[in-house]
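Chemist: Input: one structure, supplied below.
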Amino acid sequence: MSKTFDRYAGIAFLLIGVLFVIESQKISESAYGSNVGPSIFPTCLGVLLILLSIRLIYETFKYKTQETEKGSMQYKKFIIIFVAAILYALLLEKIGYVITTFAFLMISFQTMERGKWISSIVISLAFSLGIYYLFSVVLGGALPGFPQF
Amino acid sequence: MSTLQFLIDGFSIAAQWHNLLFAFVGVLIGTAVGVLPGIGPMSGVALLIPVTATLTSGMPTSAAAASSIILLAGVYYGAMYGGSPTSILLNTPGESSSVVTTLDGYQMAQQGRAGAALAISAIGSFVAGIIALIGLVLLAEPLSNVALKFGPAEYFSLMLLGLAAVSGLAGKSITKALIMTVFGLMLGTIGIDAVSGIARFTYDMPVLYGGLEFLTIAVGLFALGEVFKTIFEKDDEDGKIAKINRILPTKQDMKDSTAPILRGSILGFFIGVLPGAGATLASFFSYISEKKINKNGSKFGTGRIEGVAAPESANNAASGGAMIPLLTLGIPGSGTTAILMGALIMYNIQPGPLLFDEHPDIAWGLIASMFIGNLMLLILNMPLVKVFAKIIDTPKKYLLPIIIAISFFGVYAVQYTTFDLFLLLGCGLAGYFLVKNDFPVAPLVLALVLGPMIENNMRRALTISNGDFSIFVDRGLSLTFLIVAAAWLIIPLLLKMRGKKVIINEEG
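Chains as they are written, first to last, in the working numbering: chain A, 1 to 149; chain B, 1001 to 1508.
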């Protein structure tokens, strides 16, 4: 575990807690005849989170930093796949499920390991077309399949 | 109608051909999920919810819910079987619940008795599954009758107990677990308030009015989180798979392991019933206690068959036991059962004491299908164990992107919004970093599922008492639950302060 992460996480959760308390005060009181309005539960949660994050931040000062073992982190691979996933999400509705899925799988397969183009193409194609066929055609679900012109 | 009659009805539902197929697919996928390290039962079940939702979309709600819960539960207990082959053959447990199996199982494989170890773990799991089912059948009715008398105050306290139990055991730091719990409860408040109809924390964004979808968050945190972890941190060498010679155990093996299987099953079952303590703890405890009780206990760790039989039975029995609080009280005791509960709620079926009255087909159909599923697993696992062990060779380069693609498809097919896809990716990233830094994510998901129910019951109770908070401590049962909840959090803390090592439940 990393001390810095814990500390930042503690601060982040503290801020979330404070924001939550402030924002729950803005929830309008209900007309429903009860003095237990919709803001009580969130306010309690906010206060609890504030207390717990203070406790966490306090704890980070107590324990010693442990050596974090650095494995071979593969940032590059991860970032490529993650960006591809974001594009996948962005474009899914615009150019359809089949093309985006195929492209996403191709990019990811090749990022994970270069080469073996044929098996990559076959698996990507089979997956994207197979899912689309099963879901849209056989089961009658709604999935934007292809770009609409 | 008597319990027996209900059980027979349950069997007639579970024996419908499509439900048989669902159970079969469930246990098959569950076994695969169990074999593959990196995908746990939680992500497996979460990933399959959208798939089952699609498959059952044409059926009436009640039947659809029964079928999909049959499949999903199959994945859950199937994973308990699947965890053992890799522990025994490769010394790498596929599940955290099979960690102790490696101690004797791998030794047995080294001695050329891998087949016997695998067979005994399959038989043990089967016996345990049946014992857990008998317990479930016996306890379900009485427990749900008790639960029917609960008022909102009791429910509120009982749910707090569930959360406390899971948080108390969920990780190295209770503070972190509690933060995750509270954060999950907070996420649960987003959307239209069910009691007053007022929008909370939505900031006029239409996608938020329905609240954050539990499915998206669960798939993101568990499945994507694990995938990201595997992409990030390159796995090293793959071990050599030990040879399997003879599959059937000898008579001596059977004789040695009968008692451990029975003891492991019963112990595992009761640990499973406890909220917060799941299959991992069950297998751990049963190994330790078997080591003490058994006359060969001192030889444990050198490849004793008893050391495989006891924990493997226990983890399976625990997964059956964990169904009890879910079905009878409507309170999931672990991450995986929380996801199962989320699946039921998606079908507008509320698990709990009324489930047995309102939807006996679902409750008893599930119970009966677990019996059939266990039988299928036994039949499948004995001859096919070699095939299953090969699943571990599935190249990661294909598996990981396909898991991402399946989760994208699943979330989109259920939600139809791009917003959920981004939420999914965000949760995946968050899941990876949180787990890496010992923030357990299971309490978050549990809290997200229970949050709205906790709030509703709290407000109902407070409305009854005119805003007087003492209603929670005035009622005896409610007070008891609260005390147990507090104890669950405080005792591990005290033990830690005294320098004792507390066993934690990593399965969630």
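Ideal placement from N, C-alpha and C gives every residue a C-beta, glycine not left out.
1. Under the rule that 16 or more other beta-carbon atoms within 10 Å means buried, what is residue 6 of chain A, buried or exposed?
2. Which stretch, first to last residue, makes up the alpha helix (DSSP H) that contains residue 949 of chain B?
3. For a minimum of 4 consecutive residues, which ranges assigned as the alpha helix (DSSP H) are wholly contained in the region 1380-1441 of chain B?
4. Quick test of the definition: if touching needs 3 or more C-beta pairs under 8 Å, does the region 1061-1079 of chain B touch the region 1025-1033 of chain B?
5. For residue 1455 of chain B and chain A, any beta-carbon pair shorter than 7 Å?
6. So, with DSSP's three-state summary, where would you put residue 1233 of chain B?
7. Looking at chain B, is there any beta carbon in it that lies within less than 7 Å of the beta carbon of residue 74 of chain A?
8. Can you tell me where the alpha helix (DSSP H) with residue 1290 of chain B in it begins and where it stops?
9. Under the rule that 16 or more other beta-carbon atoms within 10 Å means buried, what is residue 1336 of chain B, buried or exposed?
10. Looking only at its chain, what residues have a beta carbon closer than 6 Å to the beta carbon of residue 1023 of chain B, apart from the 5 residues adjacent to it on each side?
11. Just to check my reading of the structure: residue 1312 of chain B and residue 1121 of chain B have Cβ atoms closer than 8 Å, yes? What is that Cβ distance to the nearest angstrom?
12. Relative to the alpha-carbon of residue 1393 of chain B, which residue among B:1477, B:1015 and B:1036 has its alpha-carbon at the smallest distance?
13. Assuming the contact rule is C-beta atoms closer than 8 Å, residue 181 of chain A and residue 1182 of chain B should be a hit. Round their C-beta distance to whole Å, please.
14. In or out: residue 1359 of chain B buried (at least 16 other Cβ within 10 Å) or exposed?
15. Classify residue 1485 of chain B as buried or exposed, calling it buried when 16 or more other Cβ atoms lie within 10 Å of its own Cβ.
16. For the candidate residues A:130, A:108 and A:27, whose alpha-carbon lies nearest to that of residue 120 of chain A?
17. Does residue 77 of chain A have its Cβ less than 7 Å from a Cβ in chain B?
18. Rounded to whole angstroms, what is the Cα-Cα separation between residue 1346 of chain B and residue 1453 of chain B?
19. Cα separation between residue 1515 of chain B and residue 1355 of chain B?
20. Are the beta-carbon atoms of residue 1363 of chain B and residue 1329 of chain B separated by less than 7 Å?
21. Between which two residues does the alpha helix (DSSP H) holding residue 88 of chain A run?
22. Could you check whether the Cβ of residue 43 of chain A sits closer than 7 Å to any Cβ belonging to chain B?
23. Using Cβ-Cβ distances below 9 Å, what residues of the region 1384-1413 of chain B are close to chain A?
24. Can you give the Cα-Cα distance for residue 1132 of chain B and residue 1162 of chain B, rounded to whole angstroms?
25. Nearest by alpha-carbon distance to residue 1209 of chain B: which of B:1197, B:1489 and B:1096 is it?
26. Quick one: what's got a C-beta closer than 6 Å to residue 1237 of chain B's C-beta in the same chain, skipping five residues either side?
27. Taking 7 Å as the CB-CB limit, is residue 1157 of chain B close to chain A?
28. If I measure Cβ to Cβ from residue 1124 of chain B and keep anything under 6 Å in the same chain, skipping five residues before and after, which residues do I get?
29. Going by the beta-carbon positions, is the gap between residue 1050 of chain B and residue 1413 of chain B smaller than 7 Å?
30. Under 7 Å between the Cβ atoms of residue 1492 of chain B and residue 1151 of chain B?
31. Applying the criterion that 16 or more other CB atoms from any shown protein chain within 10 Å of the CB defines a buried residue, is residue 117 of chain A buried or exposed?
32. Any idea if residue 1134 of chain B is buried or exposed, counting beta-carbon neighbours within 10 angstroms, 16 or more meaning buried?
33. How would you label residue 1466 of chain B, buried or exposed, when you count the other beta carbons within 10 angstroms and need 16 or more for buried?
34. In the DSSP assignment, what residue or residues form a beta bridge with residue 12 of chain A?
35. Output needed for residue 1297 of chain B: all residues of its chain with C-beta closer than 6 Å, excluding positions within five of it in sequence on either side, in chain order.
36. Can you check DSSP and say which residues form a bridge with residue 1191 of chain B?
Modeler: Taking the geometry as given:
1. buried
2. The structure shown does not extend to residue 949 of chain B, since chain B spans only 1001 to 1508, so no value can be given for it.
3. Whole alpha helix (DSSP H) segments, 4+ residues: 1396-1415 and 1418-1436.
4. yes
5. yes
6. In the structure shown, residue 1233 of chain B sits in a strand (DSSP, three-state: E or B).
7. At a cut-off of 7 Å between C-beta atoms, residue 74 of chain A counts as an interface residue with respect to chain B.
8. 1279-1293
9. buried
10. 1070, 1074, 1369, 1372 and 1373
11. Confirmed, about 4 Å.
12. B:1036
13. Past the edges of chain A, shown from 1 to 149, lies residue 181 of chain A, and the structure says nothing about it.
14. buried
15. buried
16. From the listed residues A:130, A:108 and A:27, the smallest Cα separation to residue 120 of chain A is found for A:108.
17. yes
18. 14 Å
19. Outside the displayed range of chain B (1001 to 1508) lies residue 1515 of chain B, so it cannot be described from this structure.
20. Residue 1363 of chain B places its beta carbon 7 Å or farther from that of residue 1329 of chain B.
21. 75-95
22. no
23. Those residues of the region 1384-1413 of chain B that come within reach of chain A (Cβ to Cβ, closer than 9 Å) are 1395, 1396, 1397, 1398, 1400, 1401, 1402, 1404, 1405, 1406, 1408, 1409, 1412 and 1413.
24. 21 Å
25. B:1197
26. Only weak support is given to the placement of residue 1237 of chain B: the predicted model assigns it a pLDDT of 48, under 50, and the value that follows is read from those uncertain coordinates. Cβ within range, chain order: n/a, list empty.
27. Not an interface residue.
28. 1261, 1309, 1312 and 1313
29. Cβ atoms of residue 1050 of chain B and residue 1413 of chain B: closer than 7 Å.
30. no
31. Residue 117 of chain A counts as exposed, since fewer than 16 other C-beta atoms from the protein chains shown sit within 10 angstroms of its C-beta.
32. exposed
33. exposed
34. DSSP output for residue 12 of chain A lists no bridge partner at all.
35. 1291
36. B:1200
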